[in-house]
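Here's the structure we're looking at; comments come further down.
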Amino acid sequence: MKNFTTTNQLQQYLAQLRAGGAAIGLVPTMGALHEGHLSLIQQAQQRGETVVCSIFVNPKQFNDPKDLELYPRPILDDIKKLEQVNCDILFNPAVGELYAGNESWHLNIGELEGMLEGKFRPGHYQGVTQVVHKLFNLIKPDTAYFGQKDYQQFLVISRMVAQMNLPVKLVMCPIQREPDGLAMSSRNIHLTPDDRQHALILSKTLNWVKKNFNPNNIPQLKHDAEKAISNEPGVELAYFEIANGDTLHPADNNTQKIVALVAAKVGKTRLIDNVLIS
Ligand code: AMP
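The sequence shown begins at 0 in numbering that gives the first Met the number 0 and counts up by one.
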């Protein structure tokens, strides 16, 4: 695997690959890699692309400085994992490589920016779209792979790509879960053994809503889901929404594409999860 920390060297290498006819697949991550991240790399490989995995803990998308400080950064383990799945290229830049000092530009990504996750994490989606825009701009991938795990993030990035006519295809990959249903996340290592058990209420409740879904009963389902999660010890619900899968507005009995999304603090760790219902 080639490992680059500077954009110049990465771009020179990518130019050679492109001249040889390679298609480039980008998998942007913040590291602390798990099977979820690796599944994105495998999807790109299945499509015959040369894979660039970026690892960059983007300070701009953290609204809580403590969260940024505590974010895991096991780079040597990550390199091993990337080598095991035959990733072609790692791009692991320092903050100064991507940000030219104190930037204050803003990308207009519409109302999605302030909904659900955006409401609880002001500035988060500005940080996400800005860094993804920078990565698209300097890597110029043919395809970029993102997880359904961050469903709203996928919508926000899709909006940015559509509005700015960026020449990149986006692929959403399914959520990888632990055998007991917990969605894999870099943050799961912060869960105590007790938290780890309590966290299961999130995937259990999402599955329960999917199984019992009835378009005429959405408010009741939402209410029951909120109650089940709020009753779980050590779990503080931020939101549970049964939403239109394109707009994230609350779904009604005419909505075609529906997604249930949840965010909660389990112990000290904030987790998100979702399930597509139709
Ligand atoms: P992160 O490092 O958390 O920023 O995630 C990098 C990418 O991996 C994002 O596109 C996430 O949606 C995706 N991802 C994270 N967790 C999972 C998972 N459990 N299954 C599938 N994709 C995931």
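Positions of the beta carbon are idealized from the N, C-alpha and C atoms, including for glycine. From a predicted model like this one, the values you see are computed outputs, not experimental measurements.
Can you determine whether any heavy atom of the ligand AMP sits closer than 8 Å to the C-beta of residue i, and answer yes or no?
{"i": "Cys172", "result": "yes"}
{"i": "Val26", "result": "yes"}
{"i": "His36", "result": "yes"}
{"i": "Ala43", "result": "no"}
{"i": "Leu39", "result": "yes"}
{"i": "Phe145", "result": "yes"}
{"i": "Asp76", "result": "no"}
{"i": "Ser202", "result": "no"}
{"i": "Met163", "result": "no"}
{"i": "Asp179", "result": "no"}
{"i": "Asp289", "result": "Only positions 0 to 277 of the chain appear in this structure, which leaves residue 289 out of reach."}
{"i": "Arg286", "result": "Absent from the model: residue 286. The displayed extent of the chain is 0 to 277, so no value can be given."}
{"i": "Met29", "result": "yes"}
{"i": "Gln152", "result": "yes"}
{"i": "Ala227", "result": "no"}
Excluding the five sequence neighbours on either side, which residues of its own chain have a C-beta within less than 7 Å of the C-beta of residue i, listed in chain order?
{"i": "Leu236", "result": "Glu225, Ile228, Ser229, Ala263"}
{"i": "Gly266", "result": "Leu190, Thr191, Asp194, Gly233"}
{"i": "Glu82", "result": "Met0"}
{"i": "Lys203", "result": "Gly180"}
According to DSSP, is residue i part of a helix, a strand, or is it coil?
{"i": "Arg176", "result": "strand"}
{"i": "Lys267", "result": "coil"}
{"i": "Gly117", "result": "helix"}
{"i": "Phe135", "result": "helix"}
{"i": "Met159", "result": "helix"}
{"i": "Gly146", "result": "strand"}
{"i": "Ala242", "result": "strand"}
{"i": "Glu110", "result": "helix"}
In chain order, what residues of the same chain lie with their CB nearer than 6 Å to the CB of residue i, ignoring the 5 residues before and after it?
{"i": "Gln255", "result": "none"}
{"i": "Met114", "result": "Leu247"}
Near residue i, what residues of its chain come up, given a Cβ to Cβ distance below 8 Å and the 5 sequence neighbours on each side ignored?
{"i": "Val56", "result": "Met29, Gly30, Leu67, Tyr70, Arg72"}
{"i": "Asp87", "result": "Met0, Lys1, Thr49, Val50, Val51"}
{"i": "Gly122", "result": "Lys59, Gln60, Asn62"}
* Asked: Taking the runs of the beta strand (DSSP E) that are 3 residues or longer, which of them lie wholly in the segment 20-107?
  -> 23-28, 49-54, 88-90
* What are the uninterrupted segments assigned as alpha helix (DSSP H) that are 4 or more residues long and contained completely in the segment 165-229, given in chain order? -> 192-197, 199-210, 217-229
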